[in-house]
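See below for the structure under consideration.
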Amino acid sequence: MPLYSIKTPLINKMKVFLHNRIKGFVIIYQQEAQMYQQQAQINQLLVSQTLKIFAKNDK
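Residue 58 is where the sequence shown ends in numbering that gives the first Met the number 0, and the numbering goes up by one at each step.
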């Protein structure tokens, strides 16, 4: 039995494993980016509401 035929399934298993790990990390980073985006939107809303309050108080 040639060495090649033993190595190939192992290499394929490693490729699948790495692919799944990378996919998992990508999903985590996407969720993290989404969380930061939502936080930025909340901060923007808070700033705009605060500015409206200050504008009312200036009158």
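Ideal Cβ positions, reconstructed from N, Cα and C, are used throughout, including at glycine. As the structure is a prediction and not an experimental result, all values here were calculated from the model.
- Excluding sequence positions up to five before and after residue 20, its CB lies less than 8 Å from no other CB in the same chain.
- When the Cα atoms are used, residue 34 and residue 46 turn out to be separated by approximately 18 Å.
- Secondary structure at residue 58: coil, using DSSP grouped into helix, strand and coil.
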